[in-house]
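Residue numbers (the UniProt record's numbering): 1 to 383.
One structure is given below, encoded as structure tokens.
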């Protein structure tokens with residue numbers, strides 16, 4: 001489940017259906033994804049069921065709004081043109097299930113997959129297969145290309161952040177090493193594009209001079225979260241045959257927004273939690289300051305969130321909520337939330353409740369007996 005915003009258009013997706021809703025005209029356009037190009041669908045990778053674990057169907061607008069993409073858990077990548085009445089431009093099959101998909105500044109698409117590889121898909125040559133950029137020895141969880149198109153940055157399940165030249169990614173510029181668990185999110189700080197912020201499963205926000213791999217600052221946030229959320233998290237892991245006792249909430253989303261030339265804001269959401277934390281980031285590398293700003297708790301765990309202009313849009317399984325930035329805090333925008341009432345009604349019809357969480361694949365399984373594990377898995381599947 002995912003959504004994206006550009007101008008007056010909002011795209012929502014769940015399952016095989018994509019809803020394009022125009023906020024000004026109050027009109028909707030429902031798009032059904034085309035069938036896969038490849039007849040043979042590989043249902044398993046590394047002995048795990050991809051359909052069960054990779055839940056999110058991702059959508060995203062390009063920076064200029066000319067395209068939007070849809071990426072499914074069946075290794076399908078579709079590209080649509082917004083200038084031609086949402087015309088399908090390409091329908092491509094990826095080698096592996098994607099864990100993160102992003103446009104970069106020239107409208108090409110970069111994909112990080114669950115086998116550890118990163119691919120580049122051209123928007124101007126829609127019939128071409130993806131070009132392999134690089135590979136990790138661990139599952140990739142995030143990827144980005146810097147705005148100047150000089151670097152591609154990747155993060156994986158084994159705590160590593162790699163900075164490579166782009167597009168000649170065999171040239172590795174640096175590693176940003178310091179996380180104690182998987183790295184789920186990376187982002188460039190908008191007001192200083194030489195700084196990278198990262199987060200994951202160790203209860204920290206880390207700030208880097210990514211070109212040298214130097215850690216600038218580390219911020220701990222786990223004490224600001226509820227212990228009840230941790231209990232819920234550990235129960236979810238146990239239900240998926242993971243016995244690890246997790247003591248910090250893993251980050252689900254990390255989003256950044258520029259406030260002015262010297263300040264940005266970062267929003268952080270978590271698995272099995274309805275909490276959202278906000279921090280202000282100010283000044284440059286030599287005098288970087290990160291301060292706790294605000295905390296909001298919504299009704300349910302966010303499925304996705306996105307900054308758009310000076311607002312934070314939050315998607316849950318029941319609705320979209322919109323908060324506006326007011327100097328030092330985020331407050332509900334009553335006017336905008338009233339205007340999207342019809343959009344929320346459409347989302348209720350579209351939402352697919354059968355999809356599962358990606359959370360279990362972030363943690364490595366620890367078991368002494370293969371037979372015991374197989375029995376537990378068999379019992380779970382029979383239920």
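Beta carbons: idealized from backbone N, C-alpha and C, even for Gly.
CB-CB length for residue i against residue j, believed under 8 Å
i: residue 275; j: residue 226; result: 7 Å
i: residue 315; j: residue 304; result: 5 Å
i: residue 141; j: residue 156; result: 6 Å
i: residue 104; j: residue 145; result: 4 Å
i: residue 236; j: residue 272; result: 6 Å
i: residue 110; j: residue 94; result: Not confirmed; about 12 Å, so no contact.
Nonlocal neighbours in the same chain, by C-beta distance under 7 Å from residue i, ignoring five residues either side
i: residue 42; result: Note that residue 42 has pLDDT 49, beneath the 50 cutoff, so the model's placement of it is unreliable and the number below is only indicative. Around residue 42: no qualifying Cβ.
i: residue 259; result: 265
i: residue 181; result: 159, 200, 201 and 202
i: residue 88; result: 34, 78 and 80
i: residue 29; result: 20 and 86
i: residue 189; result: 195, 197, 256, 264 and 281
i: residue 220; result: 203 and 204
i: residue 16; result: 32 and 33
i: residue 297; result: 274 and 275
i: residue 147; result: 105 and 193
i: residue 122; result: 108 and 128
Close-in-space but distant-in-sequence residues of the same chain around residue i (CB under 6 Å, 5 per side omitted)
i: residue 172; result: 164
i: residue 8; result: 22, 23 and 24
i: residue 329; result: 294
i: residue 322; result: 311, 313, 333, 336 and 337
i: residue 47; result: Because the pLDDT at residue 47 is just 47, under 50, the model does not fix this residue reliably, and the value given afterwards should be weighed accordingly. Around residue 47: no qualifying Cβ.
i: residue 352; result: 14 and 15
i: residue 62; result: 103 and 107
i: residue 307; result: 255 and 257
i: residue 126; result: 89 and 90
Selected residue, minimal CA-CA separation from residue i, among the options
i: residue 133; options: 147, 364 and 153; result: 153
i: residue 299; options: 248, 99, 187 and 317; result: 317
i: residue 234; options: 102, 30 and 363; result: 363
i: residue 295; options: 222, 25, 66 and 68; result: 222
i: residue 137; options: 122, 161 and 131; result: 161
i: residue 31; options: 85, 8 and 125; result: 85
i: residue 245; options: 27, 273, 232 and 251; result: 232
i: residue 320; options: 336, 329 and 310; result: 336
i: residue 124; options: 106, 110, 139 and 111; result: 106
i: residue 66; options: 271, 119 and 5; result: 5
i: residue 178; options: 188, 361, 204 and 191; result: 204
i: residue 129; options: 108, 327 and 2; result: 108
i: residue 240; options: 37, 361 and 93; result: 361
i: residue 214; options: 122, 60, 16 and 176; result: 176
i: residue 286; options: 262, 309, 308 and 293; result: 262
i: residue 393; options: 98, 12 and 83; result: Limits of the chain in this structure are 1 at one end and 383 at the other, which puts residue 393 out of reach.
i: residue 37; options: 68, 3, 90 and 64; result: 90
i: residue 386; options: 334, 120, 3 and 365; result: There is simply no residue 386 to check, as the chain begins at 1 and stops at 383 in what is shown.
i: residue 191; options: 238, 208, 168 and 284; result: 284
i: residue 166; options: 126, 2 and 119; result: 119
i: residue 139; options: 122, 131, 127 and 183; result: 183
8 Å CB neighbourhood of residue i in its chain, flanking five on each side removed
i: residue 96; result: 45, 75, 113, 114, 115 and 117
i: residue 291; result: 279, 280 and 282
i: residue 302; result: 252, 253, 269, 274, 276, 314, 315 and 316
i: residue 40; result: At residue 40 the pLDDT is 47, less than 50, meaning the model places this residue with poor confidence and gives no usable figure here.
i: residue 83; result: 66
i: residue 64; result: 107
i: residue 331; result: 323 and 324
Under 8 Å between C-beta atoms of residue i and residue j
i: residue 174; j: residue 150; result: no
i: residue 340; j: residue 23; result: yes
i: residue 253; j: residue 344; result: no
i: residue 350; j: residue 14; result: yes
i: residue 92; j: residue 60; result: no
i: residue 288; j: residue 217; result: yes
i: residue 143; j: residue 68; result: no
(request) Could you name each continuous beta strand (DSSP E) segment of 3 residues or more that falls completely within the segment 257–339, going from the start of the chain to the end? (result) 263–270, 275–282, 289–297, 304–308, 311–315, 320–326 and 329–332
(message) Could you tell me which whole beta strand (DSSP E) segments of length 3 or greater appear in the segment 104–164?
(response) 109–113, 117–121, 131–135, 140–145 and 151–156
(message) Which complete beta strand (DSSP E) runs does the UniProt repeat "WD" (176–218) hold, if anything under 3 residues is left out?
(response) 183–188, 195–200 and 204–209
(message) At 3 residues or longer, what runs of the beta strand (DSSP E) sit wholly inside the segment 51–102?
(response) 58–61, 67–71, 76–81 and 87–93
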